[in-house]
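Position 271, counted from 1, in the sequence shown is what full-length UniProt numbering calls 271; the numbers after and before it change by one each time, with no gaps.
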Amino acid sequence: MVKINKETIIKNLEIIRDYERFNKDIYKVKAYDNVINNILIYPKEISNLNDLKDINGIGKSIHEKIKELFETGNISYITKNINKDKLYKFKKELINVYGIGPSNIEKIIETGITSITQLKKNVFCLNDKQKLGLKYYKDLKKRIPLKEFKEHIKILEKDLLTKKEIKYDFVGSYRRGKKSMGDIDIIIMETPKFNLKSYIDSLNTLGYIKGILALGKNKFMGIVQLDDKPARRLDILIAPVNEYYYSLLYFTGSNIFNIGMRSYVKNKFGLSLSEHGFDKNKPIIKSEKDIFEYLKLKYVEPKNRTNFIV
């Protein structure tokens, strides 16, 4: 038996799940998602096949693949099928371009395009937002160092801080105290004193916004850039007052923490928890701590939200 841990199992199952997503096999994708999530929230390490019996959702096919991983250190479906699929690498790159989904990918490949370089020379098959995503594709893959992130905060806070009644938070990896971030995420509590379109117009005037991917009454997705730095994704969400702290909890993450907490809420209380709140029972929530208190949980500081442990 080869020494295998949870991280290795999850990594391999994610490779297969992502591959099946391109094959449009929704049932397999759902099955792999379910097993991956159950392994993520499993409180113990997985060091042998016997440990799998305590994890729900593992069918015969997935069990055989994990067994092979323990026995050989590899899964042949990955080494013999996925790794030898010449177009798969290109498909994985395409799915990370904003606005390009599985159906678009098939159409692009049908034109004979098989690389990002070729696509940049043949953008006729893309819409304006996809072209924007492709233009900044390499930049948007890069992490944002904390020092640079704080420069973005200075620009974004300039208008927000002039209106002290506005409640907002920078969420995601930044709120969890990480040293680098994937993008810039802000949630703002809904108030008549804040107009999202006017705010975006103000940032546009500064030359800060390089492209708008989506702009509605309560949501903005776009690309921003400091003078000498790579382009970055900026997402802004306006959350209703009664949903704000649920959104704060959800968008702070981490993903593993969220999965674990939602699973706990479902199993313990029979409730569904999302960024909008509980599906039933609407307690009065005035802080993140109120949510934890309602669930009879000890409050977890954002920096410690790696795994969910009761």
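Beta carbons are placed, not taken as given, at the ideal position from N, Cα and C, and that holds for glycine.
Buried or exposed for residue i, going by 16 or more other Cβ atoms inside 10 Å?
i: residue 239; result: buried
i: residue 258; result: buried
i: residue 144; result: buried
i: residue 185; result: buried
i: residue 102; result: exposed
i: residue 136; result: buried
i: residue 79; result: exposed
i: residue 177; result: exposed
i: residue 252; result: buried
i: residue 149; result: buried
i: residue 91; result: buried
i: residue 299; result: exposed
i: residue 27; result: exposed
i: residue 105; result: buried
i: residue 12; result: buried
Tell me the DSSP bridge mates of residue i?
i: residue 175; result: DSSP output for residue 175 lists no bridge partner at all.
i: residue 224; result: 209, 232
i: residue 219; result: 237
i: residue 181; result: 144
i: residue 273; result: 278
Thinking C-alpha only, which one of the options is nearest residue i?
i: residue 15; options: 285, 81, 258; result: 81
i: residue 152; options: 7, 196, 288, 235; result: 235
i: residue 261; options: 42, 3, 4; result: 42
i: residue 158; options: 206, 180, 148, 251; result: 206
i: residue 247; options: 172, 204, 233, 56; result: 172
i: residue 213; options: 116, 130, 27; result: 130
i: residue 292; options: 306, 273, 279, 280; result: 273
i: residue 86; options: 115, 100, 300, 62; result: 115
i: residue 88; options: 11, 19, 294; result: 19
i: residue 303; options: 204, 192, 175; result: 175
i: residue 146; options: 120, 164, 269, 182; result: 182
i: residue 8; options: 193, 39, 125; result: 39
i: residue 165; options: 142, 191, 204, 308; result: 191
Taking residue i as part of the beta strand (DSSP E), name the residues at either end of that continuous run.
i: residue 168; result: 168-170
What residue range does the alpha helix (DSSP H) around residue i cover?
i: residue 18; result: 6-22
i: residue 39; result: 26-41
i: residue 185; result: Element bounds for residue 185: not the alpha helix (DSSP H) but the beta strand (DSSP E), 184-189.
i: residue 90; result: 88-95
i: residue 245; result: 244-252
i: residue 62; result: 60-72
i: residue 106; result: 102-110
i: residue 291; result: 288-294
i: residue 116; result: 116-121
i: residue 133; result: 128-135
Point to revise | At least three beta-carbon pairs within less than 8 Å, the segment 260-267 to the segment 220-230 | key: no
Exercise for review: Tell me, please, whether the segment 24-36 touches the segment 81-98 by the rule of three or more beta-carbon pairs shorter than 8 Å.
Suggested key: no
Check your understanding: Does the count of Cβ pairs from the segment 242-252 and the segment 278-296 closer than 8 Å reach three?
Key -> yes
Review point. Between the segment 102-114 and the segment 142-156, do at least 3 Cβ pairs fall closer than 8 Å?
Key: no
Review point. Should the segment 184-198 be regarded as contacting the segment 212-221, the criterion being three or more beta carbon pairs within less than 8 Å?
Key: yes
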